[in-house]
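Data block below; observations after.
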Amino acid sequence: MVPAGDYTKSTPPPQSRGRGDLPETALSRAFRGVGPKRGRQLALMGILTPQDMLYNFPRDWSDRSSGSDLSKVPEGPVVFQGRILSGRLIRANPRLGIFKARVATGDRKIDLVWFKHLSFRYDAFAAIKKDVTTGADLWIVGKAEGDLLGVREVRVDEYYLLSDPRKALHVGRIVPVYGLTEGITQHLMRELAHQAVSAAAAVPADPLPPALLHKRGLLSLKQALSAVHFPRSFAELEAARTRLAYEELLLLEFAWIFKRRQTRGLAKNFSYEIKRHLLTPFREGLGFELTRAQKRVINELFEDLRQPFPMTRLLQGDVGSGKTVVALSALLLAVENGYQAAFMVPTEILADQHMTTLSQFLKGLPVRCAMLTSRLSKGDRDKTVEKIRAGEVDIIVGTHALLESDVQFPKLKFAVIDEQHRFGVRQRTTLRQKSALLDLLVMTATPIPRTLALALYGDLDVSTLDEMPPDKTTAQTFHAPEEESLAAVKAEAAKGHQAYVVYPIIEESANLDLQSAKAEYERLRTGPLKDLRVALIHGAMPGRTKAKIMAEFGKREWDVLVATPVIEVGIDVPNATVMVVQNADRFGMASLHQLRGRIGRGRLPSVCYLVADPKTEDARRRLETLVATCDGFRIGEEDLKIRGPGEFMGTAQHGELTLKIADLHRHAELLAQARSDAEEMLKTDPRLLATENGPLRDRILSLYGDTWNRIDLA
Ligand code: ADP
Ligand code: MG
0 MVPAGDYTKS TPPPQSRGRG DLPETALSRA FRGVGPKRGR QLALMGILTP QDMLYNFPRD
60 WSDRSSGSDL SKVPEGPVVF QGRILSGRLI RANPRLGIFK ARVATGDRKI DLVWFKHLSF
120 RYDAFAAIKK DVTTGADLWI VGKAEGDLLG VREVRVDEYY LLSDPRKALH VGRIVPVYGL
180 TEGITQHLMR ELAHQAVSAA AAVPADPLPP ALLHKRGLLS LKQALSAVHF PRSFAELEAA
240 RTRLAYEELL LLEFAWIFKR RQTRGLAKNF SYEIKRHLLT PFREGLGFEL TRAQKRVINE
300 LFEDLRQPFP MTRLLQGDVG SGKTVVALSA LLLAVENGYQ AAFMVPTEIL ADQHMTTLSQ
360 FLKGLPVRCA MLTSRLSKGD RDKTVEKIRA GEVDIIVGTH ALLESDVQFP KLKFAVIDEQ
420 HRFGVRQRTT LRQKSALLDL LVMTATPIPR TLALALYGDL DVSTLDEMPP DKTTAQTFHA
480 PEEESLAAVK AEAAKGHQAY VVYPIIEESA NLDLQSAKAE YERLRTGPLK DLRVALIHGA
540 MPGRTKAKIM AEFGKREWDV LVATPVIEVG IDVPNATVMV VQNADRFGMA SLHQLRGRIG
600 RGRLPSVCYL VADPKTEDAR RRLETLVATC DGFRIGEEDL KIRGPGEFMG TAQHGELTLK
660 IADLHRHAEL LAQARSDAEE MLKTDPRLLA TENGPLRDRI LSLYGDTWNR IDLA
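Sequence positions in the sequence shown follow numbering that gives the first Met the number 0 and run 0 to 713.
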């Protein structure tokens, strides 16, 4: 099998829309072997036309070009040629039939087995009885069982007569392996793909103009489509994948560029003036010097805010790189100008945290802050909403409660979304709807290298904090047994320091996980940590209780906080120096990195223990990476590699980024080429109106025009 890269990870949307026909008739007309039922089944896979079939790339390729070595493969998939010695039908019970045959291949004799449900209406074994007769020469594809001496028996999945001309599609070559749906077999998919590849009319006009193909030495679309389904060699397959990946990335880059162009075409009806009556005292009261990176990014933001079009900027920076202060500077600029600003965060704990930070940093300044979360009582909420509406609040910190429709901000001009991966694009858009020309800053603690960021967040401008504040210790991380970890907790507690012990809660098993976290809390409290003051905090608690426990922990009333990942984002208790993460292999990499960012918040050296017994190679790799590096960029990149772009950016964003064949890592170089080629082409043909760019333009619109509803090349 050939590794298929990452492209199975995002769900492809249907390639075609708006065709007048019922899907099944469109397909049945075009394909032999597709009636209404199969037509519907294929439509479920997004395949409505021969062209869709062409763009339904295999998810893998299997090398059947020569036969398997049957003396070496005791079990697993095999493919080989042989001559039938004998064969007969056995009835296992009234419903199940078994056909058994003996086949000679090389100097071996192997038993072949077919299982089929019997039917009163037709003879399920008719074809087999006709084909598998003594002396017949066959290709066999199936699953082998055997022993040390090699294959003994093969359960047959497919067979082909040597005399059958169509066998050339299925055996004796590199064979495509497709994603399937109920009722659709690999065999059928190969036949259909072959029909599509052979029908000249099915291949659409090449979206890549000849000059571009020439410049990058790429296969034509026709060659690439044919080779991706039925490659004659692995080299040809690679060339086809490169060509198709390039096309995909180029289309994506164009889409991003057009989308940005449109946002930049909007005219803001307000502007900012840097007045400094808030910014200067804020800066002076910080108690630390901003890092060079913070200063640079603040300048980038201010530049952006003063542009005539709305800002849409991503600020990426590792955990602890000081994004909050940067965001606050921009929030204050808005307030200096008499505007309202919002600070949206994914959790109530984080909202609390930011409120505290704000009141510290803004002490004595004439800035009115309020918090809006779903935890507020109805009365308090209504009061706050009313104040916001009356313009009596300058900075509003809140969770998604900010998005509720009755929350009106008359003077909202600027919003920050923290930990944006916890939100989807939809929330971003909803916020924009509150104020169409809003300046928007989104922040993420999972930074990735610039080219990748540009591809993934293509409609955003990207700023990066690539420097940590001084005196930040990074948590040294170990993969260690529980005893050792808890011993460290006790040792640190003896020095007056605090600790977190974190348990995973995975959505699919949230209830069970919560129960076991509670049970573990009891075990630790009464067992290994019985001499310490141990508190429990978990996501299912009422917000008020959570806030109370966090506040107590902040005041050192507890030594140890047993927690579910509610503490993952943004908690800031500098006196906490140890973290033990239980079942660490169940957490994602970015989560673990975020988690350990909760310690090492002050000058004290701190340690993170990952307690885990990783079961898979992937899990082991994740843990090793975390032990080896504290560099958020490397972790972000690795995480993106393991999870793929859709997951990485949060499920809500799937629809935005559908890469079927390109792999952002394998094809990083291609991505950079695609970007510069797109920019180059637009210099001479800004709207892609030239005749030779027609197919390209059509393809961009058909892929992205609907999705965003905003791409408009008129
Ligand atoms: P993150 O980027 O993870 O959101 P924060 O903004 O929470 O990081 O900052 C982490 C800690 O570092 C906070 O306690 C903050 O006050 C502090 N901090 C931020 N910038 C600096 C700086 N330039 N020098 C020293 N400490 C800083
Ligand atoms: Mg933060």
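Here a beta-carbon is modelled for each residue, glycine too, at the ideal position from N, C-alpha and C.
Closest to residue i by CA distance: which of the options is it?
i	options	result
Glu668	Ala474, Leu371, Ala244	Ala244
Leu765	Asp106, Glu551, Ala498, His496	Outside the shown range of the chain, which is 0 to 713, sits residue 765, and nothing can be said about it.
Trp719	Arg101, Thr104, Leu47, Ala226	Here the chain has residues from 0 to 713 only, and residue 719 is not among them.
Gln40	Phe79, Gly178, Ala100	Gly178
Asp662	Leu248, Leu622, Leu207, Met442	Leu248
Leu658	Gln339, Tyr54, Ile46	Tyr54
Gly34	Ala516, Ile183, Asp393	Ile183
Trp138	Glu347, Gln80, Phe124, Leu43	Gln80
Leu528	Ala199, Glu482, Leu161	Glu482
Thr133	Asp163, Lys99, Met310	Lys99
How is residue i classed by DSSP in three states: helix, strand or coil?
i	result
Gln581	coil
Gly32	coil
Phe233	helix
Lys267	coil
Tyr338	coil
Tyr502	coil
Arg595	helix
Arg431	helix
Ala369	strand
Lys71	coil
Trp707	Confidence at Trp707 is low in this model, with a pLDDT of 44, below 50, so the placement of that residue is unreliable and no value is reported for it.
Gly542	helix
Ile89	strand
Ile416	strand
Asp617	helix
Taking just the CA atoms, how far does residue j sit from residue i?
i	j	result
Ala627	Arg597	18 Å
Gly693	Gln222	20 Å
Ala389	His399	20 Å
Met370	Leu440	19 Å
Thr445	Asp638	9 Å
Arg595	Gly66	51 Å
Leu464	Val334	24 Å
Leu47	Ile641	31 Å
Arg305	Thr323	21 Å
Glu190	Pro175	11 Å
Thr429	Glu391	23 Å
Gln432	Lys115	58 Å
Lys108	Arg151	8 Å
Val344	Ala350	6 Å
Leu364	Arg282	12 Å
Ile256	Val318	30 Å
Ile127	Asn92	19 Å
Gly704	Asp697	9 Å
Leu88	Met588	54 Å
Asp205	Asp68	42 Å
Ala239	Arg686	28 Å
Per DSSP, what are the beta-bridge partners of residue i in this structure?
i	result
Trp138	Gln80, Tyr159
Leu778	This structure does not reach residue 778, given that the chain is present from 0 up to 713, and the question cannot be answered.
Pro175	Trp60
Trp113	Phe98
Lys108	Ala103
Met442	Leu314
Ile395	Ala341, Ala369
Gln514	DSSP lists no partner for Gln514.
Gln475	Val606
Val131	Per DSSP, none; premise fails for Val131.
Considering only their Cβ atoms, is the gap separating residue j from residue i smaller than 7 Å?
i	j	result
Arg172	Ser64	yes
Val155	Leu111	yes
Leu715	Tyr499	Residue 715 falls outside the range modelled here, since the chain spans only 0 to 713, and no answer is possible.
Phe30	Gln185	no
Ala677	Phe269	no
Ile83	Ala135	yes
Lys258	Asp571	no
Leu300	Ala329	yes
Gln593	Thr443	no
Ile348	Val325	no
Glu466	Thr290	yes
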